[in-house]
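Okay, structure first, notes after.
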Amino acid sequence: IWRVSDGQLWVEGGTPDIPKSVSDRVKGVQFGFDHTFEGDAATSDVYKKVAKGIVHDAIRGINGCVLAYGQTGAGKTYSMSGDASHPGIISWAVHDVFNKVLPIDERSGP
Numbered sequence: 001i002w003r004v005s006d007g008q009l010w011v012e013g014g015t016p017d018i019p020k021s022v023s024d025r026v027k028g029v030q031f032g033f034d035h036t037f038e039g040d041a042a043t044s045d046v047y048k049k050v051a052k053g054i055v056h057d058a059i060r061g062i063n064g065c066v067l068a069y070g071q072t073g074a075g076k077t078y079s080m081s082g083d084a085s086h087p088g089i090i091s092w093a094v095h096d097v098f099n100k101v102l103p104i105d106e107r108s109g110p
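For the sequence shown, the UniProt record's numbering begins at 1 and goes up steadily by one.
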C-alpha cells in the first residue's frame, strides 16, 4: 500500500502488485518529493516548478540534471519532448537558455 503524507511517499505492507517478501524489505521506506503534479498538469507548469531553476543554474555554470522516470507509457517522452502545440520541458529549457545568453537585440520571436 502506498501512502502520501506531507509530501512523502510511504510503502506499507503487501499489495497484489508487490509480493509480500519484497514489501517486507521496503516496509516503512520513505521517499521525499519536491513536488507532485496531477495527470492533467501543463508541461509549462511542470517546467516552471521543477526544471527552470535547474536550467538557470546550469547557465551560471552549476551542474544540473532533469530526469524523467516512471512506468512505461506514463508520458515521460511526451513531457520532455512535447509536440508542435504543446512544447515539452526540453523546448522550454532551450527557449530559456537562448533568452538568457543572447543579447536582447539578437532575440527573435514575439
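The C-beta atom is built at its ideal place from N, Cα and C for all residues, glycine as well.
Per DSSP, the unbroken alpha helix (DSSP H) holding residue 44 starts and ends at 43-46. Classified as exposed, residue 101 has fewer than 16 neighbouring CB atoms from the shown chains inside 10 Å of its CB. For residue 91, the CB contacts under 6 Å within the same chain, skipping 5 residues up- and downstream, are 82 in chain order. Rounded to the nearest angstrom, the Cβ distance from residue 48 to residue 35 is 11 Å, too far for a contact under 8 Å. Ranking 58, 40, 42 and 5 by CA distance to the CA of residue 96 puts 58 first. If you look at residue 69, you'll find it isn't in any alpha helix (DSSP H); DSSP assigns it neither H nor E. Straight through space, the alpha carbons of residue 62 and residue 103 are spaced by roughly 21 Å.
The three-state reading of DSSP puts residue 82 in strand, counting E and B together. C-alpha of residue 45 to C-alpha of residue 99: approximately 18 Å in a straight line.
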